[in-house]
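Comments concern the structure below.
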Amino acid sequence: MPSASAAPAAISAGITSSNRPQLSPQQFEIFAKIVYDISGMKFDANKSYFLASKLDTRVQALGLKGFDDYYTYLTSPSGRPEYGYLIDEVSINETFFYRHEPQLQAFRDEILMPLVHARRAQKQSRLRIWSAASSTGDELYTLALMLKDLGLVGKDLMWELVGTDICHDALEKARAGVYRKYNIRNVPPALLQQYFTHDPSSQSGEIWSLKPEIKSICKFQEGNLMDASRCGALGKFDIVFCRNVLIYFDEASKEKAVQNLANNVHEDGFVLLGHSENIYSQRHILRPDKSHTNSIAYQKAPPGTPKL
Ligand SMILES: C[S@@+](CC[C@H](N)C(=O)[O-])C[C@H]1O[C@@H](n2cnc3c(N)ncnc32)[C@H](O)[C@@H]1O
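Note that the working numbering has the sequence shown beginning at 23, numbered continuously upward.
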């Protein structure tokens, strides 16, 4: 947790006459630093309105007068749990099932199946997959559906699928496994039919619930990509998905996160990122393997690879 040593004499009411919540530059700096120190998410000054509106939601929920009071509460001993609510509020949880088909094809045909064959040849029955910023679970459940579809569950292999996220709210939704039509729009119809229940009377027929046979393969827990020891406690994985979260980090946070991902992947395992994510500066930690047709996958760089 950041210290409150930089106590903001400059923090003031923070609401403009137009009633649109607005942070002064000093307020923005202080709150953006709090969020950064906890999560690695870097808000630039052009995101001041976004941060102000998120903070204002907390100010209203707590019945406080403004950002001054919120800061005082947040940094008081009784305000400790509020850090969690703050991070929940500023987290961007956008996700959906089968989000990037080309990468999923490469995952299935060129990464997963060769690893399955390798583990069988090594007489190892356990395979572990980590969704390292799992949000509401759509990504991890997509992988579970793919494993089911491939007939890989309930046979000789033991699967452990773990989703972690910093956002408690998202984790609760992941555990519930209940989705709107928007989130499941790319699920192949046969899998939708087989592994979801649909209540047509619910909110204009929008709600779809995953069946226990899929939910039971996946577990979700709190995890902060900035926290080396808690990431390490998850143990090693064969395949790690870490999609669409590094985009919110600066180089320093990215370096920490990429190191934590690399620490948790087996030597012959793979890390898959979002297709617009670039870890060129971290290639001494994870090196790109461009041999896959539809997606770059990353593997651990050999020990001692110099940082360029
Ligand atoms: C845009 S979602 C991506 C979800 C999913 N991986 C996908 O690509 O569909 C980004 C997620 O990263 C999470 N996040 C942000 N900072 C994090 C951190 N330091 N550690 C773990 N998760 C974090 C957010 O809470 C959010 O759920």
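Heads up, the beta-carbon is just placed ideally off N, CA and C, and yes, glycines get one too. Here the structure is a predicted model, which means the values were calculated and not measured.
Where residue i sits in the DSSP three-state scheme
| i | result |
| --- | --- |
| residue 329 | coil |
| residue 315 | coil |
| residue 320 | strand |
| residue 239 | coil |
| residue 253 | helix |
| residue 202 | strand |
| residue 213 | helix |
| residue 297 | coil |
| residue 79 | helix |
| residue 280 | helix |
| residue 310 | strand |
| residue 43 | strand |
| residue 85 | coil |
Nearest-angstrom Cα separation, counted from residue j out to residue i
| i | j | result |
| --- | --- | --- |
| residue 178 | residue 95 | 53 Å |
| residue 330 | residue 212 | 48 Å |
| residue 83 | residue 63 | 23 Å |
| residue 101 | residue 87 | 16 Å |
| residue 327 | residue 172 | 37 Å |
| residue 67 | residue 80 | 20 Å |
| residue 48 | residue 272 | 20 Å |
| residue 56 | residue 286 | 27 Å |
| residue 235 | residue 72 | 39 Å |
| residue 152 | residue 296 | 14 Å |
| residue 78 | residue 98 | 18 Å |
| residue 60 | residue 195 | 22 Å |
| residue 170 | residue 219 | 16 Å |
| residue 65 | residue 54 | 6 Å |
| residue 109 | residue 143 | 44 Å |
| residue 210 | residue 315 | 22 Å |
| residue 309 | residue 85 | 49 Å |
| residue 253 | residue 298 | 24 Å |
| residue 163 | residue 278 | 26 Å |
| residue 215 | residue 199 | 15 Å |
| residue 124 | residue 244 | 29 Å |
| residue 276 | residue 69 | 19 Å |
| residue 44 | residue 74 | 5 Å |
| residue 166 | residue 202 | 19 Å |
| residue 224 | residue 311 | 45 Å |
| residue 154 | residue 184 | 8 Å |
| residue 119 | residue 160 | 5 Å |
| residue 58 | residue 325 | 30 Å |
| residue 141 | residue 42 | 57 Å |
| residue 132 | residue 237 | 25 Å |
| residue 233 | residue 146 | 28 Å |
| residue 105 | residue 313 | 42 Å |
Same chain, Cβ closer than 8 Å to residue i, neighbours up to 5 away in sequence not counted
| i | result |
| --- | --- |
| residue 116 | 157, 266 |
| residue 306 | 323, 327, 328, 329, 330 |
| residue 189 | 109, 110, 113, 115, 157 |
| residue 258 | 150, 286, 287, 288, 291 |
| residue 130 | 168, 172 |
Contacting residues, own chain, Cβ-Cβ under 6 Å from residue i (five flanking each side not counted)
| i | result |
| --- | --- |
| residue 193 | 187, 242 |
| residue 207 | none |
| residue 270 | 63 |
| residue 148 | 180 |
| residue 204 | none |
| residue 127 | 316 |
| residue 294 | 263, 319 |
| residue 23 | Here the model assigns residue 23 a pLDDT of 32, short of 50, so the residue's position is not dependable, and the following value carries that caveat. Correct list: empty, nothing qualifies. |
Contacts around residue i, its chain only, beta-carbon distance under 7 Å, and the 5 residues preceding and following it disregarded
| i | result |
| --- | --- |
| residue 107 | 80 |
| residue 197 | 242 |
| residue 111 | 76, 79, 80 |
| residue 175 | 169, 181, 239 |
| residue 25 | Because residue 25 carries a pLDDT of 38, less than 50, the predicted location of this residue cannot be relied on, and the following value inherits that uncertainty. There are no such residues. |
| residue 221 | 229 |
| residue 260 | 137, 149, 150, 151, 288, 291 |
| residue 231 | 199, 200, 218, 219 |
| residue 191 | 110 |
| residue 122 | 297 |
heavy atom of ligand 2 below 6 Å from residue i C-beta
| i | result |
| --- | --- |
| residue 116 | By its list of ligands, the structure shown excludes ligand 2, since it contains just ligand 1. |
Decide yes or no for the touch test of the segment 83 to 93 against the segment 297 to 307: beta carbon pairs closer than 8 Å, at least 3 of them. no
Any beta strand (DSSP E) of 3 or more consecutive residues that is wholly inside the segment 105 to 175: 148 to 153
Would you call the segment 238 to 256 in contact with the segment 281 to 297, where contact means no fewer than 3 C-beta pairs closer than 8 Å? yes
Using 8 Å as the Cβ pair cut-off and three pairs as the minimum, do the segment 125 to 138 and the segment 289 to 300 touch? yes
May I have a chain-ordered list of the alpha helix (DSSP H) segments no shorter than 4 residues that lie completely inside the segment 46 to 76? 47 to 61
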